[in-house]
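A quick write-up on the structure given underneath.
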Amino acid sequence: MIPWLTKFVLIVASVLAVKGNPLNRRTEVPEDFLIKLESVQNISQFLNSWIDQAAVQRAYLFQGDEGGSTVEVAHPAGCVPEMQIVEFERPYDPSLVIWPVCTRVRRCGGCCSSKLLHCVPTRTSTITVKVIKTRYPHPGAEKF
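Under UniProt numbering, the residue at position 87 of the sequence shown is numbered 87, and the numbers go up by one with no gaps.
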């Protein structure tokens, strides 16, 4: 990450901590505000849409240059299909082996900024995959 952007992100976090929590009084963020945050795709859009730029600029003027290591910016994990691990049902017979024991399939994943929103599929489908099912022949066998 660009060093000045790292410092800028840390300053924004500091400003938010001070502005968002005066005298340790906690105010719950309204759900409609959280729902609007769902549309934010990156840190630039968040900063431009939701942060008081004047407060950040004032904080930046008084921030020293420590020149420490960079910090990676988190990207939103919105509600989108993503590859997830699905484990196959294991056989009850201890001499049977299923291979592979798991695979990856596209499923709903991610998270929502509001407790009123949930990540659910808009459509579903069933897929069929081939696996190997074999029996272990005898104790000490080196092959199936």
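In this text, a Cβ means the ideal position worked out from N, Cα and C, and glycines have one as well.
Here the structure is a predicted model, which means the values were calculated and not measured.
Quick one: what's residue i bridged to in DSSP?
{"i": "Trp99", "result": "Ile132"}
{"i": "residue 157", "result": "The requested residue 157 is not part of the displayed model; the chain covers only 1 to 144."}
{"i": "Val80", "result": "Gly109"}
With C-beta atoms as the reference, is residue i less than 8 Å away from residue j?
{"i": "Lys133", "j": "Leu96", "result": "yes"}
{"i": "Phe88", "j": "Val105", "result": "no"}
{"i": "Glu31", "j": "Cys112", "result": "no"}
{"i": "Pro76", "j": "Gln41", "result": "yes"}
{"i": "Gly110", "j": "Val86", "result": "no"}
{"i": "Leu34", "j": "Ser114", "result": "yes"}
{"i": "Pro91", "j": "Cys108", "result": "no"}
{"i": "Val71", "j": "Ile43", "result": "no"}
By alpha-carbon positions, which one of the options ends up nearest to residue i?
{"i": "Phe144", "options": "Lys115, Ile98 and Thr122", "result": "Ile98"}
{"i": "Ile84", "options": "Glu72, Ser44 and Thr103", "result": "Checking the sequence shown, residue 84 turns out to be Gln, not Ile. Measuring from the Cα of Gln84, the nearest candidate turns out to be Thr103."}
{"i": "His138", "options": "Pro94, Asn48 and Leu117", "result": "Pro94"}
{"i": "Val29", "options": "Gln45, Leu116, Leu47 and Glu142", "result": "Leu116"}
{"i": "Gly78", "options": "Val129, Glu142, Gly140 and Cys119", "result": "Cys119"}
How is residue i classed by DSSP in three states: helix, strand or coil?
{"i": "Ser125", "result": "coil"}
{"i": "Ile51", "result": "coil"}
{"i": "Ser44", "result": "helix"}
{"i": "Leu34", "result": "helix"}
With burial defined as no fewer than 16 other Cβ atoms inside 10 Å of the residue's Cβ, what is the status of residue i: buried or exposed?
{"i": "Thr27", "result": "exposed"}
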